[in-house]
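Under the numbering used here, the first residue of the sequence shown is numbered 1, with each subsequent residue one higher.
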Amino acid sequence: MGRLFGTDGARGIAITELTCELAMQIGRAAALVLTKKANHKPTILIGKDTRISSDILEAALCSGICSVGADAVVLGVVPTPAVAYLVKKMNADAGVMISASHNSVEFNGIKLFAGTGYKLSDETEEEIERLILDSPEEIKLCSHTAVGRISRCETAVSDYIEHIRETISTDLSGLRVALDCANGSASATACRLFEELGAEVLMLSCQPDGTNINKNCGSTHIENLMSFVPENSCDCGLAFDGDADRCLAVDEKGELIDGDKLIAICAKAYKEQGRLKNDAAVVTVMTNMGFSCFAKENGIKTVTAGVGDRYVLEKMLDGGYNIGGEQSGHIIFLDDATTGDGQLSGAKVLEILANSGKKMSELADVMYKFPQVMINVRITPKDKEMWKNDREITGIIERHENTLGDSGRILVRESGTEPLIRVMIEGKDFSQINTMAIEISDVIKTRCSGRK
């Protein structure tokens with residue numbers, strides 16, 4: 001991870017950590033780096049989620065972008081993948097999304113897209129960081145008539161909805177679907193999109209007020225949807241996160257279908273249709289061991305990437321694959337999009353469901369999930385990376401790995417978006433792995449809290 005950018009952009013508590021001044025500097029530096037080869041007046045698109053702080057950061061970003069001579073086009077509240085799509089459609093030079101994704105309302109973030117619609121490489125982000133942190137004197141401001149203008153795109157939502165509609169060839173009439181929009185970006189698009197695809201739609205958490213994004217709703221709090229779907233006789237439920245780049249599903253019985261199973265459903269359907277490029281799906285080190293078993297049974301190759309949809313995308317581009325994603329619900333359909341798109345994922349799954357004649361629970365049976373335990377341990381900035389060299393922490397991890405052998409695995413890593421260490425263990429015996437996860441987490445808490 002870089003000094004400003006994590007695995008998914010810059011992120012922090014809005015205004016006090018991710019300050020207006022920093023947002024303005026990111027706007028300036030990103031405009032200079034991402035448009036330096038432009039032989040015209042550059043244009044940068046800016047989208048945002050529904051957080052109360054997004055308007056403030058939007059103003060700061062616009063100021064920064066225009067102060068170095070680029071034009072800023074404001075898209076309003078849109079999903080993150082809408083920014084990625086519209087950058088290409090509108091021939092813009094770059095795009096910015098203001099969102100902290102699945103995080104709670106006090107956080108916000110800034111995600112950057114190149115003119116290609118793809119997220120930035122580590123090298124490009126490092127160049128932007130260098131300008132801001134090491135060489136701010138290289139940022140030259142414009143004046144007089146050389147400054148940029150701010151304008152608004154009124155068709156952003158409609159253009160994005162039409163794009164998703166064009167990727168789906170099946171009428172979804174007859175499907176009764178519940179949609180949990182997390183009081184976030186999907187609130188602006190999901191109801192209209194899925195109704196136009198033909199589904200009967202029941203909406204949850206689609207009334208954002210600036211303070212309720214991801215609050216006990218959406219893909220990170222899916223319990224409400226899990227009870228709502230069977231209570232209202234729905235065929236399926238879809239849950240998005242704050243910026244709608246993730247999607248998780250619920251079957252007609254109210255059982256969760258996570259990203260691993262959604263990828264399996266889609267990869268199998270694509271394989272049967274002859275559309276799965278190189279007969280492979282890209283997943284991450286966090287993907288459940290059951291996915292590998294599914295893949296072997298269905299003649300699908302498993303390609304493993306690091307955690308983060310940007311690293312999934314890199315593997316997909318390098319190997320020529322067209323489906324990949326994460327357990328969290330970031331799924332990339334590279335034939336149709338340049339980044340993870342929750343509503344595209346949901347529409348693809350519903351299309352498979354409509355064409356199958358099966359129930360959602362039957363589709364989800366394609367993959368058996370090994371029991372998995374995840375515990376998040378909050379840390380302070382001084383503990384970043386340091387825990388890896390702590391003998392007590394590494395020692396207990398090694399002991400439990402030896403106990404599990406080939407029947408399970410342990411993965412301990414730092415979050416790229418939050419100040420957390422994630423302890424994940426898989427195995428055949430839930431009681432055993434749960435005890436192991438608690439023991440490892442307790443040692444990390446004790447050692448990190450006691451370090452001076």
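C-beta atoms are modelled at their ideal positions from N, C-alpha and C, and glycine is treated no differently.
Check: Candidates GLU426, VAL423 and ILE440: which alpha carbon is nearest GLY395's?; Outcome: ILE440
Check: Would you call the stretch 251-258 in contact with the stretch 273-281, where contact means no fewer than 3 C-beta pairs closer than 8 angstroms?; Outcome: no
Check: Any idea what DSSP makes of PHE454, helix, strand or coil?; Outcome: Within the shown structure, residues of the chain are numbered from 1 to 452, placing residue 454 beyond reach of any answer.
Check: So what does DSSP say about MET226, is it helix, strand or coil?; Outcome: helix
Check: Is GLU106 close to chain B? Criterion is C-beta to C-beta, closer than 8 angstroms.; Outcome: Absent from the structure is chain B; it holds one protein chain and no more.
Check: With burial defined as no fewer than 16 other Cβ atoms inside 10 Å of the residue's Cβ, what is the status of VAL201: buried or exposed?; Outcome: buried
Check: Suppose contacts are defined by Cβ-Cβ distances below 8 angstroms. Is ARG422 in contact with MET374 by that definition?; Outcome: yes
Check: For PHE430, does the three-state DSSP call read helix, strand or coil?; Outcome: helix
Check: Does the beta-carbon of CYS142 have 16 or more other beta-carbons within 10 angstroms, so that it is buried, or is it exposed?; Outcome: exposed
Check: Determine the closest residue to ASP235 out of GLY357, VAL157 and GLY299, with distance taken between C-alpha atoms.; Outcome: GLY357
Check: Under DSSP, the alpha helix (DSSP H) around ILE26 begins and ends at which residues?; Outcome: 20-34
Check: Unbroken alpha helix (DSSP H) runs of length 4 or more, entirely within the stretch 319-354: which are they?; Outcome: none
Check: Below 8 angstroms between beta carbons: does that hold for GLY324 and VAL285?; Outcome: no
Check: Nearest by alpha-carbon distance to THR287: which of ASN298, ALA267 and ILE263 is it?; Outcome: ILE263
Check: Is the beta carbon of CYS247 closer than 8 angstroms to that of SER345?; Outcome: yes
Check: When we look at the beta-carbon of LEU363 and count the other beta-carbons within 10 Å, is it buried (16 or more) or exposed?; Outcome: buried
Check: Return helix, strand or coil for PHE454, following the three-state DSSP convention.; Outcome: Here the chain covers residues 1 to 452 and nothing more, so residue 454 does not appear.
Check: Under the rule that 16 or more other beta-carbon atoms within 10 Å means buried, what is ARG149, buried or exposed?; Outcome: exposed
Check: Below 7 angstroms, is the gap between the Cβ of TYR311 and the nearest heavy atom of the ligand NAD?; Outcome: Ligands in the displayed structure: none, and consequently the ligand NAD is not present.
Check: Short of 8 angstroms in beta carbon distance, which residues of its chain neighbour PHE370, apart from the five on each side in sequence? Order them along the chain.; Outcome: ASN288, MET289, GLY290, GLY408, GLU426, GLY427 and LYS428
Check: Does DSSP put ILE379 in a helix, in a strand, or in coil?; Outcome: coil
Check: Tell me whether LEU133 is buried or exposed, calling it buried when 16 or more other Cβ atoms sit within 10 Å of its Cβ.; Outcome: exposed
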